[in-house]
Amino acid sequence: MAKRNALGRGLGALMTDADEVQNPAAAIDEINVRDIEANPWQPRTTFDEEAMAELSRSIKEVGIIQPLTLRKTGENKYQIIAGERRFRASKMAGLKTIPAFIRESDDKNMLELALVENIQREDLDAIEVALSYQRLLDECNLTQETLSDRVGKKRSTISNYLRLLRLPAVIQKAIRDHEISMGHARAIINVKDPETQVMLYKQIINYDFSVRKIEEIVRKLNSEESKDDKPNRKPATKFPKEYEQLQSHLSKHFDTDVDFKINNKGKGKIVIPFGSTNDLERIIGILDKLNK
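According to our numbering, the sequence shown is numbered sequentially starting from 3.
Structure below.
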């Protein structure tokens, strides 16, 4: 049976979730652990074992500071709306009962509550947040404007997270595993070609490129692509003959037809073309050796 424990305004306010904040005197029930089941709509798919063990030790020492939020599904049966980490850690700590708020909620409202509550937590990875946003849009029939109001985030922020779901699976996994940052991912996604996106991801891993470095590479790639799309470009001024030997040497060194472009003022650039993302990786490898 659940035991009711009515708290005073001060302590009640400290231990409430978003909805109970408006009613600091809300009652908290002590619910048997065996009567609680996990949330089938739980947005979180991974739980860090070390962090869970640390939370369990804390609960053993000081108890649960923030009660769970549950809904009643039957006689002495409850389902978690918010607080699955605390529930799991409490079981690890050997608790027999857990403090909780009991709410009335249908399946759709429960899904929305669970998703919104989890989005507010700072320990979700960017892909989990993006998936939660997508589920709120698809399964709860929210618009991006309504979603923005629900979670207190700008629509541009939500859009940036949703764009991550268009990245190749290998990059999404890297974000979840914290191999690359959200900043890296936001830079990569500005490249249209999936193969090039994966190539950039590999360069981040292999060469520990910073977000700024990847942003610079992406700008250059998009700039070259934009120039290639422009019709009727003026031909570059032919470079002096004395540079022909250098051009030939570089072409052999990089095993590709290196091109020199120079204007009448003596300004220009050296172009090292590549035929595929694998070819680009090979050239970057050669340049990397030159820097060592």
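Note that the Cβ used here is the ideal one computed from N, Cα and C, for glycine as well. This one's a predicted model, so the numbers in the text were calculated from it and none came from an experiment.
Looking only at Asn265, Glu246 and Arg188, the smallest Cα-Cα distance to Glu218 is reached by Arg188. Less than 8 Å divides the Cβ of Met54 from the Cβ of Arg90. Comparing alpha carbon positions, the residue from Phe256, Met112 and Leu166 closest to Leu133 is Leu166. When only Cα atoms are considered, Glu86 and Asn78 end up about 18 Å apart. Restricting attention to Ala116, Glu32, Ser183 and Lys291, the CA atom closest to the CA of Pro69 is found in Glu32. Separation of the CB atoms of Tyr203 and Ala171 is rounded to 11 Å, and the pair is thereby denied contact status at 8 Å.
By the C-beta density criterion, Ile67 is exposed, having fewer than 16 other C-beta atoms within 10 angstroms. Pairwise C-beta distances place the stretch 281-294 in contact with the stretch 191-209, as three or more of them are shorter than 8 Å.
Taken in chain order, the whole alpha helix (DSSP H) runs of length 4 or more contained in the stretch 243-279 are 246-256. Each of Asp195, Arg178, Glu63 and Lys215 was checked against the Cα of Asp50, and the nearest Cα belongs to Arg178. For Ala40, there is no enclosing alpha helix (DSSP H), as DSSP marks it with neither H nor E.
Nearest neighbour of Asp195 by Cα position, chosen from Ser161, Lys215, Gly96 and Leu169, turns out to be Leu169.
Going by DSSP, Phe211 is part of no alpha helix (DSSP H) at all; its letter is neither H nor E. For the options Met201, Ile182, Val118 and Gln199, the alpha carbon positioned closest to that of Ile160 is the one of Val118.
Under the 10 Å beta carbon count, Ser212 is surrounded by fewer than 16 other beta carbons and is classified as exposed.
Taking C-beta atoms under 8 Å as the contact rule, Thr99 and Asn34 qualify, at a distance of about 6 Å. Counting along the chain, the unbroken alpha helix (DSSP H) around Gly185 starts and ends at Met184 to Ile190.
With contacts defined by Cβ atoms closer than 8 Å, Ile30 and Leu72 do not form a contacting pair.
Classified as exposed, His255 has fewer than 16 neighbouring CB atoms from the shown chains inside 10 Å of its CB.
Approximately 28 Å separates the beta-carbon atoms of Glu114 and Leu97; this is outside 8 Å, ruling out the contact.
In the three-state reduction of the DSSP assignment, Leu70 falls in the strand class, which pools E and B. Residue burial annotation: His251 is exposed, with fewer than 16 other C-beta atoms found within 10 angstroms of its C-beta.
Where Lys79 is concerned, the enclosing beta strand (DSSP E) starts and stops at Lys79 to Ala84.
Taking all protein chains shown into account, Ala40 has fewer than 16 neighbouring C-beta atoms within 10 Å of its C-beta and is therefore exposed. In the three-state DSSP reduction, Phe49 falls in the coil class, being neither helix nor strand.
Nearest in C-alpha terms to Tyr163, of all of Gln136, Asn143 and Ala116, is Gln136.
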